[in-house]
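Undergrad: Quick note on my numbering: the sequence shown kicks off at 1126 and runs consecutively. Encoded as structure tokens, here's the structure I'll be asking about.
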Amino acid sequence: MGIGRSLTNSYIVYLTLELVEGLFGDTYSTTFTLGVEMVTKENRVTFITLMTASTSLAGILMAVIAWSLPYWRHFLMAIYAPSLIFLLYIYFLDESVRWLLIKGKKEEAKVIISNAAKASKVELNSDAMSIKCESNDSKNDLTSSLKSTFGSKKIMLRFLACGCFWITGIFNKYVLLINSVELEGNKYLNFGLTTFSELPASLALAYVLKKFRRKMPLIFSFMLTGVFCIGQTLVSKGNPWLSTSLFLVGKFMATISYATVYLYTSEIFPTYTRNTMHALCSSVGRIASLLAPQTPLLIRYWSGLPCVVVGGLSLITSVIVMLMPETSDDILPDTARQAEAIGVKTSPTMSTKCEVTCTKF
């Protein structure tokens, strides 16, 4: 679609291709969900770190390409043409074993597991290949799976909360990127520095998520994003380096919060609707994608107003996170019942059947 937009001379065709890309072009959520389901619990943080670092490198590369190819047709051609390579993935990328099991496709799952074992030179015995899984119901189709998920009040409350996280995360990401060109200095350099700040953020993310799990990093990253973005607006125009530094630190924290939201959302929903719920949360977050490009209009009232909006929204969201459960201690849930059990502990002083809820949702 991007290559088509670079070639068309019709504004209507351009808008149509833009719409189609928006409807069908969100492969990142699917890729992320597939990756989370393929790695072990211990390697989820490593996976999200690599994903965050790769998007940062892509942003830096995009700034360089935009600087080198200012004409928009050449720019679109340069950034979209390499994506054609991913068509080859269909020949060697396996389906998620977890998804196959929950769909009852055990034989296909066994083939993938056997191939992985051979590639890793690991010998599996008959017990290891005896696969058991808990399916959603006898039909095990998408309709019944969605009904089971949306019929759970607890999961729906978490979905609404995750929708808020996505709105704030996406809003922060794009508002700070878009308004980075309004900072003093070269707009391409400012954009490149803003995306470069995501690289150290991805390294910090690896340490923070392993050391402090999920909930606390999410709370403090949203909170500190708000503090630094609001603080940046209080710096006088005579201190451009201080203003830019606070802006970049705010972007640094926003990157951590956005990446953590991605991982958190993939861990809190059941397997049979994980990709659907992840995509729905992403779709809700696209409300922010519509609003973010309009924020430069706020500059006519006050240059610091976009950052104040980012800061205020981040502080409010950090409070909502406090109501959510911790997910790092649990394996990925396969069913709605398992998803509801996230954040529930068994009290050692009570019967094993007695559960104590550790979260509001």
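Every residue gets a Cβ at the ideal spot worked out from N, C-alpha and C, and that includes glycine.
For Gly1276, I'd like the list of residues in its chain whose CB is within less than 8 Å of its CB, leaving aside the five on either flank, ordered along the chain.
TA: The residues are Ala1461.
Undergrad: Do Ile1128 and Ala1206 have their beta-carbon atoms positioned less than 8 Å apart in this structure?
TA: Taking 8 Å as the Cβ cut-off, Ala1206 and Ile1128 qualify as a contacting pair.
Undergrad: Just curious, the alpha helix (DSSP H) that Tyr1389 is in, first and last residue?
TA: Looking at the DSSP string, the run of the alpha helix (DSSP H) that includes Tyr1389 is 1365-1393.
Undergrad: Are the stretch 1279-1294 and the stretch 1403-1413 touching by the rule of at least three beta carbon pairs closer than 8 Å?
TA: Enough Cβ pairs lie closer than 8 Å, so yes.
Undergrad: Apply the 10 Å Cβ neighbour rule to Tyr1136 and answer buried if 16 or more other Cβ atoms are within range, or exposed otherwise.
TA: By the neighbour-count rule (16 or more Cβ atoms within 10 Å), Tyr1136 is not buried but exposed.
Undergrad: Where do the ends of the alpha helix (DSSP H) carrying Met1348 lie?
TA: Start and end: 1340-1358.
Undergrad: Just to confirm, is the Cβ distance from Leu1301 to Ser1181 under 8 Å?
TA: The answer is no: Cβ separation not under 8 Å.
Undergrad: Distance, Cα to Cα, Asn1261 vs Gly1229?
TA: Low confidence applies to Asn1261: its pLDDT is 46, below 50, so where it sits in the model is not reliable, and the reading given next is rough at best. About 10 Å.
Undergrad: How do the stretch 1327-1340 and the stretch 1208-1224 stand: do at least 3 beta-carbon pairs fall below 8 Å, yes or no?
TA: The stretch 1327-1340, when compared against the stretch 1208-1224, does not touch it at the 8 Å Cβ threshold.
Undergrad: Can you say whether Leu1328 is buried or exposed, counting buried as having 16 or more other CB atoms within 10 angstroms of its CB?
TA: It counts as exposed.
Undergrad: Where does Ala1306 fall in DSSP's three states?
TA: Rather than Ala, the amino acid found at residue 1306 in this sequence is Val. In this structure, Val1306 counts as coil in the three-state DSSP scheme.
Undergrad: Measuring CB to CB, does Ile1355 end up less than 8 Å from Val1446?
TA: Cβ atoms of Ile1355 and Val1446: not closer than 8 Å.
Undergrad: With distances taken between CB atoms, is the gap from Leu1438 to Phe1345 smaller than 8 Å?
TA: Not in contact: Leu1438 and Phe1345 (Cβ atoms no closer than 8 Å).
Undergrad: Classify Gln1419: buried if its beta carbon has 16 or more other beta carbons within 10 angstroms, exposed otherwise.
TA: With fewer than 16 Cβ atoms within 10 Å of its Cβ, Gln1419 is classed as exposed.
Undergrad: Taking only runs that begin and end inside the stretch 1395-1467, name each unbroken beta strand (DSSP E) of 3 or more residues, in chain order.
TA: The stretch 1395-1467 contains no whole beta strand (DSSP E) run of 3 or more residues.
Undergrad: On a Cα-Cα basis, can you pick out the residue from Gln1463, Thr1319, Asp1459 that is closest to Ala1188?
TA: Per the Cα distances, Thr1319.
Undergrad: Within 8 Å, do at least three Cβ pairs link the stretch 1188-1205 to the stretch 1372-1391?
TA: Verdict: no, contact absent.
Undergrad: By Cβ distance below 6 Å, which residues in the same chain neighbour Val1352 in space, the five residues on each side in sequence not counted?
TA: None.
Undergrad: Give me the residue from Lys1298, Val1164, Arg1198, Val1236 with the minimum Cα distance to Ser1414.
TA: The shortest C-alpha separation from Ser1414 is found at Lys1298.
Undergrad: May I ask you to check if the CB of Gly1288 is nearer than 7 Å to at least one heavy atom of the ligand MG?
TA: As presented, the structure is devoid of all ligands, the ligand MG included, so that no description of it is given.
Undergrad: Exposed or buried, Trp1366, counting other C-beta atoms within 10 Å across all chains shown (16 or more means buried)?
TA: The residue in question, Trp1366, is exposed, as its Cβ has fewer than 16 Cβ neighbours within 10 Å.
Undergrad: Just tell me which of Pro1450, Val1360, Thr1442, Leu1423 has its CA closest to the CA of Glu1392.
TA: The option with the nearest alpha carbon to Glu1392 is Pro1450.
Undergrad: Taking the CB atoms as reference points, tell me whether Arg1198 and Leu1388 lie closer together than 8 Å.
TA: No; because the gap between Cβ atoms is not below 8 Å, this pair is not in contact.
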